[in-house]
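The structure appears below as structure tokens.
4 protein chains.
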Amino acid sequence: MSTAPADTLTQLRDLTRAFAAERDWQQFHTPKNLAMALSVEVAELAEHFQWLPTGAPEELDERKREGIRHELADVLLYLVQLADRTDVDLRAAALEKLALNAEKYPVAQVRGDARKYDEY
Amino acid sequence: MSTAPADTLTQLRDLTRAFAAERDWQQFHTPKNLAMALSVEVAELAEHFQWLPTGAPEELDERKREGIRHELADVLLYLVQLADRTDVDLRAAALEKLALNAEKYPVAQVRGDARKYDEY
Amino acid sequence: MSTAPADTLTQLRDLTRAFAAERDWQQFHTPKNLAMALSVEVAELAEHFQWLPTGAPEELDERKREGIRHELADVLLYLVQLADRTDVDLRAAALEKLALNAEKYPVAQVRGDARKYDEY
Amino acid sequence: MSTAPADTLTQLRDLTRAFAAERDWQQFHTPKNLAMALSVEVAELAEHFQWLPTGAPEELDERKREGIRHELADVLLYLVQLADRTDVDLRAAALEKLALNAEKYPVAQVRGDARKYDEY
Numbered sequence: 000m001s002t003a004p005a006d007t008l009t010q011l012r013d014l015t016r017a018f019a020a021e022r023d024w025q026q027f028h029t030p031k032n033l034a035m036a037l038s039v040e041v042a043e044l045a046e047h048f049q050w051l052p053t054g055a056p057e058e059l060d061e062r063k064r065e066g067i068r069h070e071l072a073d074v075l076l077y078l079v080q081l082a083d084r085t086d087v088d089l090r091a092a093a094l095e096k097l098a099l100n101a102e103k104y105p106v107a108q109v110r111g112d113a114r115k116y117d118e119y
Numbered sequence: 000m001s002t003a004p005a006d007t008l009t010q011l012r013d014l015t016r017a018f019a020a021e022r023d024w025q026q027f028h029t030p031k032n033l034a035m036a037l038s039v040e041v042a043e044l045a046e047h048f049q050w051l052p053t054g055a056p057e058e059l060d061e062r063k064r065e066g067i068r069h070e071l072a073d074v075l076l077y078l079v080q081l082a083d084r085t086d087v088d089l090r091a092a093a094l095e096k097l098a099l100n101a102e103k104y105p106v107a108q109v110r111g112d113a114r115k116y117d118e119y
Numbered sequence: 000m001s002t003a004p005a006d007t008l009t010q011l012r013d014l015t016r017a018f019a020a021e022r023d024w025q026q027f028h029t030p031k032n033l034a035m036a037l038s039v040e041v042a043e044l045a046e047h048f049q050w051l052p053t054g055a056p057e058e059l060d061e062r063k064r065e066g067i068r069h070e071l072a073d074v075l076l077y078l079v080q081l082a083d084r085t086d087v088d089l090r091a092a093a094l095e096k097l098a099l100n101a102e103k104y105p106v107a108q109v110r111g112d113a114r115k116y117d118e119y
Numbered sequence: 000m001s002t003a004p005a006d007t008l009t010q011l012r013d014l015t016r017a018f019a020a021e022r023d024w025q026q027f028h029t030p031k032n033l034a035m036a037l038s039v040e041v042a043e044l045a046e047h048f049q050w051l052p053t054g055a056p057e058e059l060d061e062r063k064r065e066g067i068r069h070e071l072a073d074v075l076l077y078l079v080q081l082a083d084r085t086d087v088d089l090r091a092a093a094l095e096k097l098a099l100n101a102e103k104y105p106v107a108q109v110r111g112d113a114r115k116y117d118e119y
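Protein chains in written order, with numbering that gives the first Met the number 0: chain A, 0 to 119; chain B, 0 to 119; chain C, 0 to 119; chain D, 0 to 119.
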């Protein structure tokens, strides 16, 4: 009998599965629809930042921070559901991507080369 | 002395912090810029689904699945970084949101009411 | 003295310029902020479609159609403003792009090849 | 013998209709799919701005400006097609929206009130 707590991503996967099943909402949750829903939530998140001068943390007041927190949660919940419906292990995929990025952007080559950051 | 593995979200937060620090990239990672980057990655994810008839799982071939897997990873990595820069505990925020959603959409009221799904 | 009516895109450019100037809002309208605002409006548009089975026209009721109409207007208004701030002639750019697309997707090669539509 | 040039929006509607018809692509162009395609193009536009310090015009070099021009064109082309498929007169909708916005944000009330811009 395990005493280890479930990993958050696994726990959220199980909770969102149950949530949708209880409401008979799986029928709406095609990968395509979940991808659209995810992009809508991300835009609601971006909306909090759109008119800020630079978007640095000190420009965020309490009201914005609370809104951002809720939208971040929505994004994570749809992300977990989309990964579940497409049989993707989010943890493995993210660790693999980090390893790929480390190869793609070697420290020695990109460090301090701010000007060209988005050209890599 | 703990032997428990770190939770994935904590682990990814630490790894992305180190990744950005080694490259001196934190200067680009304002919350606003991370929110934009997140929305760009989500669109790259959505792109895989845009012309599918319904977007059901059986319409996804291997090539698409591999692309989707990589984009899901990118979305998670930026999400974790944005949460980190805005001091949001993603796990707590997601669990809280699920509880709020459970109240907002009571099973007895919404179950099987597909037609009005998006009007709640 | 011309009696020709102004082209819609020119007219909207002039009207949005005046609108922002009267309110002293040009200071917020950096190209970057307008690009974010545009993506937020597009997401509000996409939201109307996200849970539809296929998104065919007959799935759109009157309420949705009215919402879509307003969001399409918002998208056009931000698009015109972003083009204005980046000195892009939208008409010329669109006609040029159509010509490029015609070369890129020759009728003889792509017609009826639905299966591979998104791989071109 | 025509005496007035067609309005750009009408012209682009006719050209995109012919373009899709020649390639038998209307089958993919449900309003939902066009809305997704539009959001993907807008993200490709946003991508040019994502790491800029403030996104002011002077931060845009020639390479970026050319990319932005092409993406603005793509956005307009999908916007016109989506409006066409949902029977929306873009010109009328935009003029109506501007009138609504003028009422919603009276000059006397919002002018110079930069701090609260996004709270209206």
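C-beta atoms are modelled at their ideal positions from N, C-alpha and C, and glycine is treated no differently.
All values derive from a computational prediction rather than experimental measurement.
Residues THR15, HIS28, LEU33 of the same chain have their beta carbon placed closer than 7 Å to that of GLN80(D), with the five preceding and five following residues left out of the count. With respect to chain A, the C-beta atom of PRO56(D) has no partner C-beta closer than 8 Å. Here the C-alpha atom of ALA93(B) lies approximately 8 Å from the C-alpha atom of LEU11(A). ALA107(B) is outside the set of residues whose beta carbon lies under 8 Å from a beta carbon in chain A. For LEU99(D), the three-state secondary structure derived from DSSP is helix.
The criterion of a C-beta distance shorter than 8 Å is not satisfied by LEU8(B) and LEU78(A).
By the neighbour-count criterion, in which a residue is buried when 16 or more other Cβ atoms sit within 10 angstroms of its Cβ, VAL87(A) is buried.
Put simply, the backbone Cα of GLN108(B) is about 19 Å away from that of TRP50(C). In its chain, beyond the 5 residues on either side, ARG12, THR15, ARG16 have a beta carbon closer than 8 Å to the beta carbon of ASP83(C). The Cβ of VAL39(B) sits closer than 8 Å to at least one Cβ of chain D.
Rounded to whole angstroms, the Cβ separation of LEU44(D) and ILE67(D) is 7 Å, and the two are in contact under 8 Å.
Beyond the five residues adjoining it in sequence on each side, VAL74(B) comes within less than 8 Å, by CB distance, of LEU37, GLU40, VAL41, LEU44 in the same chain, given in chain order. Every alpha helix (DSSP H) of 4 residues or more that sits fully in the region 48-93 of chain A is shown, in chain order, as 61-84. By the rule that beta-carbons nearer than 8 Å mark a contact, ASP23(C) touches chain D.
Nearest CB-CB separation between THR15(D) and chain A: not below the 8 Å threshold. Under the 8 Å criterion on CB atoms, ASN32(D) is classed as interfacial with respect to chain B.
Approximately 7 Å separates the beta-carbon atoms of PHE18(C) and LEU97(D); this is inside 8 Å, confirming the contact. Burial state of ARG62(C) is exposed, judged by a 10 Å Cβ sphere holding fewer than 16 other Cβ atoms. If you draw a straight line from the Cα of ASP60(A) to the Cα of LYS31(C), it comes to about 21 Å. By the CB criterion at 8 Å, ARG22(C) and VAL106(D) fall inside the cutoff. Taken through DSSP and simplified to helix, strand or coil, ASP23(D) comes out as coil. Counting along the chain, the unbroken alpha helix (DSSP H) around PRO30(A) starts and ends at 30-46. Counting only the Cα atoms, PRO56(C) lies some 29 Å from HIS69(D). Judged by their CB atoms, THR85(A) and PRO52(D) are not nearer to each other than the 8 Å cut-off. Membership of ALA5(A) in any alpha helix (DSSP H) is not indicated, and neither H nor E is assigned to it by DSSP. At least one beta carbon of chain D lies nearer than 8 Å to the beta carbon of THR53(A). By the rule that beta-carbons nearer than 8 Å mark a contact, LYS103(B) does not touch chain A. Residues ALA19 of the same chain have their beta carbon placed closer than 8 Å to that of GLN25(D), with the five preceding and five following residues left out of the count. Straight through space, the alpha carbons of GLU95(D) and ASP6(D) are spaced by roughly 18 Å. Against PHE18(A), chain C offers no close residue; the least beta-carbon distance is about 16 Å (beta-carbon pairs closer than 7 Å). Taking the Cα positions, LYS103(D) is about 49 Å away from LEU99(A).
When Cβ-Cβ separations below 8 Å define contact, GLU61(D) makes no contact with chain B. Excluding sequence positions up to five before and after GLU46(B), its CB lies less than 7 Å from no other CB in the same chain.
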